[in-house]
Structure formats: structure tokens, C-alpha cells
Amino acid sequence: MRVGPGEKLSRRVRCASVGSTTAAVAVAAHGVGGGGLPAGSTLMLLVGFSAVLVAVMAAVPVLRRGGPALVPILAVGQLGAHTTLAFGGGGHHADMASGPIGGMGPQMLAAHAVAIGVCAALIAAAERIGPRTEAALRAVVAAVVVAIPVLERPRSWRPVTEAHPLVSALCRVSVSRRGPPLFV
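FYI, the numbering for the sequence shown is 6 to 189, going by our numbering.
Structure, rendered in C-alpha cells:
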């Protein structure tokens, strides 16, 4: 495992990737497995579940490292996402209530199992491609920064006119009326 200044960022990206891919692929797997597409409120529940999954993954050091611990957290994520989609989806699970695992029929179970593999493959690919992408972006940014001409001296900002010319002109010629009368 890589240790260095980018490791903290890699762990954060890994946690966010687990949450987002779990939610997105769970919706697809749920649809393929025979469940319906979620409504807006169900999607909000799923986003909340994904946030909890990310928080748990970020809090437990063993889960943050990825590798072998990634598959169990993805499995828990798919199970939780299925439960969230089942609770929020209404009556589309009535025909699957006799399924072997909590209302999951064989087709739904297979779809969520494939989703675990898809999520693991996506995250592993992102971890392989990430450092190369970062190096390419650093090279492009360095080339662009060198190509941008630098001004010799920044110009100072000077107002063209006064902010309130009429008020200034009136105040210069007016006689002050404050104070007691002169001959009292």
C-alpha cells in the first residue's frame, strides 16, 4: 500500500466511491432484479444510507484501507440499499416475500451479488487509474502555468472620479451653522 501525502486523499476518495457506487449500482441491480425504480423520497433515504456507509467506512481504519475489507463493506452496502429500496418502494416486493433472504428472490439476490462485483471492479479501476490521472493533470497544469504570461507590475486601482462629486462640491462651499451664535 502506498504511504505518502496522497494517501489521506486516496482514503477519502475510496470512502466516497464506496458510498456513491453502492447507491448507483444498487438502484440498477434493484431494477434488474425485479424491483421498481425508486421515487424521490426513496432516493433521499438511499442517499442518507450511503452517507452512513461512508461515515462508518471513514471511522473504521481497517475499512478505509480498501483491499480485502472492501468486499464485505460493499456486501453490507448492497444489503442495506436493498432494504432501503424495499421499504421506500411500496408493494413491489409482495411477490418476493417468500424469497429465501428477507424478501430477496433468486433474481434479486443475483442482481445485488453482481452489483457487489461491479462496485469492487469500479473502485479497483479508479484506484489504478487515479495516480496516472493525477500525474497527467499535474503535467498539463504545469504546462499551462508556464505558458501564461505574468504582468510585470500589477496596476493600482484609482477611481476616475470622486465617489460623491455633488456632495463634495456642496460641502466645500457651505458655511457651518453648528454652535452658538457669535454675538450673544
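Ideal placement from N, C-alpha and C gives every residue a C-beta, glycine not left out. These numbers come from a predicted model, not from an experiment.
Opening and closing residue of the alpha helix (DSSP H) in which residue i lies
{"i": "Pro-154", "result": "From DSSP, Pro-154 is part of no alpha helix (DSSP H); its letter is neither H nor E."}
{"i": "Ser-55", "result": "45 to 64"}
{"i": "Leu-14", "result": "12 to 37"}
{"i": "Leu-90", "result": "75 to 93"}
Classification of residue i by the beta-carbon crowding that lies within 10 angstroms, buried from 16 upward
{"i": "Pro-154", "result": "exposed"}
{"i": "Val-30", "result": "buried"}
{"i": "Arg-2", "result": "Because the chain spans 6 through 189 in this model, residue 2 falls outside it and cannot be assessed."}
{"i": "Leu-114", "result": "buried"}
{"i": "Leu-142", "result": "exposed"}
{"i": "Phe-54", "result": "buried"}
Close beta carbons around residue i, own chain, < 6 angstroms, minus the five adjacent residues each side
{"i": "Ala-203", "result": "Coverage of the chain is limited to positions 6 through 189, which leaves residue 203 absent and any answer about it impossible."}
Neighbourhood of residue i by C-beta distance below 7 angstroms, restricted to the same chain and skipping five residues each side
{"i": "Gln-112", "result": "Gly-38 and Gly-39"}
{"i": "Cys-124", "result": "Thr-26, Thr-27, Val-30 and Leu-79"}
{"i": "Ser-46", "result": "Gly-93"}
{"i": "Arg-183", "result": "none"}
{"i": "Val-119", "result": "Ala-34"}
Which listed residue (the options) has its alpha carbon closest to that of residue i
{"i": "Ala-44", "options": "Ser-25, Val-67 and Ala-91", "result": "Ala-91"}
{"i": "Ile-128", "options": "Val-145, Arg-70 and Ser-161", "result": "Arg-70"}
{"i": "Arg-17", "options": "Val-65, Pro-73, Gly-110 and Pro-186", "result": "Val-65"}
{"i": "Arg-72", "options": "Val-145, Pro-136 and Ala-130", "result": "A small fix is needed here, since residue 72 is Gly in this sequence, not Arg. That would be Ala-130, whose Cα lies nearest to the Cα of Gly-72."}
{"i": "Glu-12", "options": "Glu-132, Phe-54 and Ala-147", "result": "Glu-132"}
Cβ neighbours of residue i in the same chain (closer than 8 angstroms, five flanking residues each side left out)
{"i": "Leu-51", "result": "Ala-28, Ala-31, Val-32, Pro-43, Ala-86, Thr-89, Leu-90 and Gly-93"}
{"i": "Val-81", "result": "Leu-58"}
{"i": "Ala-63", "result": "Arg-16, Arg-17, Cys-20 and Arg-69"}
{"i": "Val-67", "result": "Ala-74"}
Presumed contact (8 angstroms Cβ cut-off) between residue i and residue j, rounded CB distance
{"i": "Ile-121", "j": "Val-59", "result": "About 17 angstroms; that fails the 8 angstroms criterion."}
{"i": "Gly-24", "j": "Ala-56", "result": "7 angstroms"}
heavy atom of the ligand GTP below 7 angstroms from residue i C-beta
{"i": "Ala-118", "result": "With respect to the ligand GTP, the structure offers nothing, as it holds no ligand at all."}
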